[in-house]
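Chemist: The listed protein sequences derive, respectively, from chains A and B.
Note that the working numbering has the first sequence beginning at 413, numbered continuously upward.
Note that the working numbering has the second sequence beginning at 413, numbered continuously upward.
Protein chains: 2
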Amino acid sequence: MQVRFVWQEQRNGRWQKKERVVKTSGDKTILGLAREHGIEIDATCGGRGRCGRCKVIVSGAINELAEGETLRLTPEEIAGGVRLACYARPRGDIQVDIPTSNTELMQILTEGSGQLVGLQTDIDKTYVVVEKPQLENPLGDRERLLAAVRQKRKDIFAIPLTIMAELPETLRKKDHRITITHWQDRILAVESGDTTDSLFGLAFDIGTTTVVGSLVDLHIGKELAVAARLNGQAAYGADVISRVEYASNGASQRRRLQQAVLDTLNGIVTELEERSGISAGKIGRCIIVGNTCMQHLALGVSPTYIARAPYTPAFSCQIDITARELGLSICPEAAVTFLPNIAGFVGADTVGAVLATGLANSSGRVLIIDIGTNGELVMSHQGRMVACSTAAGPAFEGAEITWGMRAGEGAIESVEIDDDVEMRVIGGTRPRGICGSGLIDLVAELLRVGIIDETGRLQNKDELQGLSSELSQRIRTSELGNEFVVAWADTTAEANDIVLTQGDIRRLQLAKGAIRAGTIVLQRFLSIQDGDLDEILLAGAFGNYIRKESAMGMGLLPPVPLERIRSVGNAARVGARLCLISQAKLEEAARLARKIEYVELSGRSDFQEAFMEAMLFPHVSHVSQDSTGIDKKLPRDRAI
Amino acid sequence: MQVRFVWQEQRNGRWQKKERVVKTSGDKTILGLAREHGIEIDATCGGRGRCGRCKVIVSGAINELAEGETLRLTPEEIAGGVRLACYARPRGDIQVDIPTSNTELMQILTEGSGQLVGLQTDIDKTYVVVEKPQLENPLGDRERLLAAVRQKRKDIFAIPLTIMAELPETLRKKDHRITITHWQDRILAVESGDTTDSLFGLAFDIGTTTVVGSLVDLHIGKELAVAARLNGQAAYGADVISRVEYASNGASQRRRLQQAVLDTLNGIVTELEERSGISAGKIGRCIIVGNTCMQHLALGVSPTYIARAPYTPAFSCQIDITARELGLSICPEAAVTFLPNIAGFVGADTVGAVLATGLANSSGRVLIIDIGTNGELVMSHQGRMVACSTAAGPAFEGAEITWGMRAGEGAIESVEIDDDVEMRVIGGTRPRGICGSGLIDLVAELLRVGIIDETGRLQNKDELQGLSSELSQRIRTSELGNEFVVAWADTTAEANDIVLTQGDIRRLQLAKGAIRAGTIVLQRFLSIQDGDLDEILLAGAFGNYIRKESAMGMGLLPPVPLERIRSVGNAARVGARLCLISQAKLEEAARLARKIEYVELSGRSDFQEAFMEAMLFPHVSHVSQDSTGIDKKLPRDRAI
């Protein structure tokens, strides 16, 4: 049996990755083995199983958890592969990651992935001294380099042409001493001298609206900088469908969209360079997630048939490409991987979110929901995972709503109604419109106080009893039907009153109905009743900002106790970052994309039925209303 | 045991490649097996071993040649793997190529390779019908395509991004019926419909001066068109060394040289398109030979250290690249292979020439000599092959010679001396200068008649006896020493007499000495005496034009009977073409490049000594001179 110990050591103020492989045949503990070979693992109790400090992350065949460990490790640590080195005994070849401190161990956990991941990147650097050329031996630079490399890494064969082009000069700059960066059987970079102390990677989440990039130090797994920009493709259409339509006009239009997002990615790279002081040329690995259409467009691949039944993407698999071929301004031969997609409207961003939330390892009944123009839903139970996409339309993003706007300065982002309307405006300015979270709050509150009824109808003043005069004034009838004044003109930055119209409510009903109907179909697939859901995870920016109470209040989510709802932030990007630092996670992503069952909602009669019902709002008992203005009780969801 | 029969069949006026694999366990003849499975092989004697018509080309384990075959096959056919199907019995898995006719069998032979090569290209086409997408199944186009392909070819996995970009449209153009072109595990092209009836390849020989391209129909191995152009790099320097110097100034200069030769290659592609009527996009395979420096420059790789001791190339190995990456305007993902080099000054062109001449399979003592600015020499004996390069300088190409010029209109290309000078001028015009073959003739003739002595000195008139008055007039003394008037001004297109100066003769002596000294060193390596050489093969354009008698007369070649000297034309390009149509030959090229021993002449004292002596001209006995003006006897070579 072989045990590979991996740890970090500080040298000249820089952290370096160290490795040591030791052989063992007996039934020794990992702590015993480490001590035998002079490898340090912290253990104040001297290995007697008491202090619980000798935490290591183990992958590979290992003995079962001892009771002493379950007492001393958290469930999350156990799920992440943490063991106590004084209890764990190898049963085959294993890798043992020794964290420098508990802080390091917890870092990724606190960054939102909810998992402990051992550092195990799929790229690495090797320092070699190449034999110098001699008159008698006509071997080329490439051949002598490969001969030197193969003494250390037998699996490396290929040197890309772009590297070979400069190889003679690179070799001779520091006396034939060089460092190669390698990935699989391929050399990604050749640098003069010893540069093994630096190794960087990049994770991107390409959203339809926003693109976010993280720069990660691959030696210690730490995120060094984050930068975000609006997707440059926005100029060609706000949503996925209009971009597909534009790209379908021809190859030059498709290339224009590709170039737009590449410009965005490269802008982010420049920003990350400035923030971190790390040259982009040193970035050798990149993982990209995004919805299926964004992946197609970034790769310059025709997305035409994603938007036409039967909604077929050009590819679903993981795509490996060089930065040079893609047009990304990092190390030219850097290995860039687009995570796999599940279907035309359930993309690699969903795979990333499933990975980040550890859904595959959860035995409970869990729903991940990411709301945008499309709502992407994944539901799991006992390892089985089903996913669907449902076209919510842009209402939740403020589009197609009379006073809707994106979440920017002047947007009403939250609303409470007591005797009158209370609101919070982004930037603390006078309001200019209402963004998604504000809309959901507003509708939930109007429902709660009875100004909107279950069918979505804005009541007339005279139908309402016991309403404050302030609220009563806000209800009025225009040419287009009833409307509710959210903010009077004199309190806004606009010339007119900011209102919610009956038409706006109908559009929100359609959006909410689509998403709720998606969850209903998935629940039926897994035979899960509403109350049985153990957890609802809100992924994406939207999940960060909406109030759970309001989402539940307007019936956007299946009815569960509020404490079961949790926002998991930009889980897609966390998933990408996990794949960047862990080869095991990258492999898991490929398995997940195949394993997650896709449910196509269009054309399903049960979806149509669920949709019709789910457009209705939950019934609210007005008796339970309390002075905080928030209904603490579960709304009864009519749709199920 | 498996026998793969391969043949051509005509359908709708087009030749198509057919294949059939049959299994056999017994001791059957190939003819018997073919008949059993309804495969036609011509045999008028009914398989009784008499007619000798059932010729097939066999590769793989086969029984020994029967006497009946050695009687009926030529040595060249036997060397090329030809067997009579009525005698040959498989001893393991074999491939049997059935020629359509004896004409086809002989075609490659007559085209100068001297070998029979069975058609066995390493690219192929496969027609597949891809499953159509369905609502229930979210599989991407790529995944459905690969599933269909793998039913026929299990080894194919990769689809390049450029092909995937258009895949959705390509698939749907002809109802999901497509033809893939594949090479190794990679798909090179996806075409709508069934296009299996056309498959084309391209062979290039990139010379320092001239680039030649051949378009080949890979289904029948036939050359469809040839085109040649001057290498566009000439504007940056006439010879290899000046181009290396230019490229060494920086990456942009290197890229300029690369672009220059790519423009030349693409110009040739356009010309081949026009001549053949075949669209360049249908060319899926390309083999390129050239000297080491031309290979570096075409690939954009730094050649700097080729020109500095110890003359190290950046690479010697075979390079596989796509046409797109190279910048060649054929099918973008076409597989382009640069044959391997042997050393900095013995390149893939030499490998091609060795391949084309079948040197590796010759048991005799053979010398291949390719004279340009550098003379590349390969000598073999009993399978051992040694090679060297010797810097002849540009004298044989007419440069640095007072009246030297390239072989173009107005160049004196041959000279005979009897009572006066007789000459032939290219284009039949008045002479404007002397090209390489003319110079060699001239010096050989002047030596023969005694106007130049063994040391290379132009004699004074008064030192010569019995000279005709016409010749006597032509010898004169100028400020720069003696000179010989080749053509009087009034017979030329120039204002002055065309002369050969003493300085010109010295430069030719240096050039001739360098080449002869190279052969001397190689002979010593293989312990071959002058007279023992069985064959001298003159490769390259130069070998086509010089008169053997004169080359021998001036001591350029080791002294052997004239009938042992043979011109083999552009053997490098023939070698490239062989690799295009035969995977076995391509593999042999890689083996050859490793097997041929390279001898670095610079710094060798035995080369210096041989060079000093080889600068002298052969001693000529004036008694043997006859009226034809050509000395039929072997000159005695002072240099050995």
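Backbone N, C-alpha and C fix where the C-beta goes; we use that ideal spot for every residue, glycine too.
Just curious, the alpha helix (DSSP H) that Q563 (chain A) is in, first and last residue?
Modeler: Looking at the DSSP string, the run of the alpha helix (DSSP H) that includes Q563 (chain A) is 553 to 564.
Chemist: Between which two residues does the alpha helix (DSSP H) containing R484 (chain B) stretch?
Modeler: Looking at the DSSP string, the run of the alpha helix (DSSP H) that includes R484 (chain B) is 479 to 484.
Chemist: Could you list which residues in chain B have their beta carbon closer than 7 Å to that of P545 (chain A), in chain order?
Modeler: The answer, in chain order, is P722, T724.
Chemist: Starting from I733 (chain B), find everything on chain A with Cβ-Cβ shorter than 7 Å and list it in chain order.
Modeler: The answer, in chain order, is L573.
Chemist: By the 8 Å beta-carbon criterion, what residues does the segment 835 to 858 of chain B contribute toward chain A?
Modeler: Of all residues in the segment 835 to 858 of chain B, none has a Cβ within less than 8 Å of some Cβ in chain A.
Chemist: Mapping DSSP to helix, strand and coil, what is H708 (chain A)?
Modeler: Helix, per DSSP.
Chemist: Taking 7 Å as the CB-CB cut-off, is V1035 (chain A) touching chain B?
Modeler: With a pLDDT of 42 at V1035 (chain A), under the threshold of 50, the predicted position of this residue should be treated as unreliable, though the coordinate-derived value follows. For V1035 (chain A), the answer is no, since every Cβ of chain B falls outside 7 Å of its Cβ.
Chemist: Should C847 (chain B) be labelled buried (16 or more other beta-carbon atoms within 10 Å of its own) or exposed?
Modeler: That one is buried.
Chemist: Please state the DSSP three-state secondary structure of T716 (chain B).
Modeler: In this structure, T716 (chain B) counts as helix in the three-state DSSP scheme.
Chemist: Are the beta-carbon atoms belonging to Q414 (chain A) and K430 (chain A) less than 7 Å from one another?
Modeler: No. Outside cutoff.
Chemist: Quick check: what's the CA-CA separation for I742 (chain B) versus K694 (chain B)?
Modeler: So the alpha carbons of these two residues sit roughly 7 Å apart.
Chemist: Looking only at C-alpha atoms, which of B:R720, B:G930, B:R842, B:C800 sits nearest to G1011 (chain B)?
Modeler: The question names Gly, but residue 1011 (chain B) in the sequence shown is Val. Closest by alpha carbon: B:C800.
Chemist: On a Cα-Cα basis, can you pick out the residue from B:I948, B:L969, B:T802, B:T904 that is closest to G776 (chain B)?
Modeler: It is B:I948 whose Cα lies nearest to the Cα of G776 (chain B).
Chemist: What are the residues that DSSP puts in a beta bridge with I700 (chain B)?
Modeler: Paired residue(s): B:F616, B:F750.
Chemist: Count the C-beta pairs between the segment 619 to 634 of chain A and the segment 722 to 731 of chain A that are closer than 8 Å, then say yes if the count reaches three, no if not.
Modeler: Judged by Cβ distances under 8 Å, the segment 619 to 634 of chain A makes no contact with the segment 722 to 731 of chain A, as fewer than three pairs qualify.
Chemist: Which value, in whole angstroms, describes the spacing of the CA atoms of V673 (chain A) and R989 (chain A)?
Modeler: In a straight line, the C-alpha of V673 (chain A) is about 20 Å away from that of R989 (chain A).
Chemist: In or out: R1006 (chain A) buried (at least 16 other Cβ within 10 Å) or exposed?
Modeler: So R1006 (chain A) ends up on the exposed side.
Chemist: With a threshold of 7 Å between beta-carbons, can F727 (chain B) be considered close to chain A, or not?
Modeler: Taking Cβ atoms only, chain A reaches closer than 7 Å to F727 (chain B), which makes this a yes.
Chemist: Applying the 10 Å Cβ sphere with the 16-neighbour rule, what's the burial state of P487 (chain B)?
Modeler: With fewer than 16 Cβ atoms within 10 Å of its Cβ, P487 (chain B) is classed as exposed.
Chemist: List the residues that DSSP assigns as beta-bridge partners of P843 (chain A).
Modeler: None, per the DSSP bridge assignment.
Chemist: Could you name each continuous alpha helix (DSSP H) segment of 4 residues or more that falls completely within the segment 990 to 1024 of chain A, going from the start of the chain to the end?
Modeler: Runs of the alpha helix (DSSP H) inside the segment 990 to 1024 of chain A: 995 to 1007.
Chemist: Using a Cβ-Cβ cut-off of 7 Å, state whether E555 (chain B) counts as contacting chain A.
Modeler: Closer than 7 Å to some Cβ of chain A, the Cβ of E555 (chain B) qualifies, so yes.
Chemist: Are P715 (chain B) and A760 (chain B) closer than 7 Å when you measure CB to CB?
Modeler: Taking 7 Å as the Cβ cut-off, P715 (chain B) and A760 (chain B) do not qualify as a contacting pair.
Chemist: Measure the alpha-carbon distance for F757 (chain A) versus L551 (chain B) and round it to whole angstroms.
Modeler: C-alpha separation (whole angstroms): 12 Å.
Chemist: Is there a Cβ from chain A that is less than 7 Å from the Cβ of A577 (chain B)?
Modeler: Answer yes: the Cβ-Cβ gap between A577 (chain B) and chain A drops below 7 Å somewhere.
Chemist: Does the Cβ-Cβ distance between R697 (chain A) and G613 (chain A) come in under 7 Å?
Modeler: Cβ distance < 7 Å, so R697 (chain A) and G613 (chain A) count as in contact.
Chemist: Please tell me whether A755 (chain A) has its Cβ less than 7 Å away from any Cβ of chain B.
Modeler: Yes, A755 (chain A) lies at the interface with chain B (some Cβ there is under 7 Å from its Cβ).
Chemist: In this structure, does DSSP put N475 (chain B) in helix, strand or coil?
Modeler: DSSP places N475 (chain B) in coil when its eight states are reduced to three.
Chemist: Please confirm whether Y717 (chain A) has its beta-carbon closer than 7 Å to some beta-carbon of chain B.
Modeler: Yes, contact with chain B.
Chemist: Could you give the C-beta distance for I863 (chain A) and L854 (chain A), rounded to a whole number, given that I count them as a contact under 8 Å?
Modeler: Between L854 (chain A) and I863 (chain A) the Cβ distance is about 10 Å, and since that is not below 8 Å, they are no contact.
Chemist: Using the beta-carbon of each residue, which ones in chain B are nearer than 7 Å to E548 (chain A)?
Modeler: Those within 7 Å of E548 (chain A) in chain B are E1012.
Chemist: Do the segment 925 to 942 of chain B and the segment 952 to 972 of chain B meet, that is, are 3 or more Cβ pairs less than 8 Å apart?
Modeler: The segment 925 to 942 of chain B is in contact with the segment 952 to 972 of chain B.
Chemist: Assign R726 (chain B) to one of three DSSP states: helix, strand, or coil.
Modeler: It is worth fixing the name first, because residue 726 (chain B) is Ala in this sequence and not Arg. In the structure shown, A726 (chain B) sits in coil (DSSP, three-state: anything other than H, G, I, E or B).
Chemist: So which of A:A804, A:L771, A:R462 has the shortest CA-CA distance to I380 (chain A)?
Modeler: Nothing can be reported for residue 380 (chain A): it is not among the residues displayed for chain A, which extend from 413 to 1052.
Chemist: Among all the DSSP beta bridges, which residues are the ones paired with S881 (chain B)?
Modeler: According to DSSP, which records beta bridges pairwise, S881 (chain B) is partnered with nothing at all.
Chemist: Using DSSP with H/G/I as helix, E/B as strand and the rest coil, what is Q921 (chain B)?
Modeler: DSSP places Q921 (chain B) in helix when its eight states are reduced to three.
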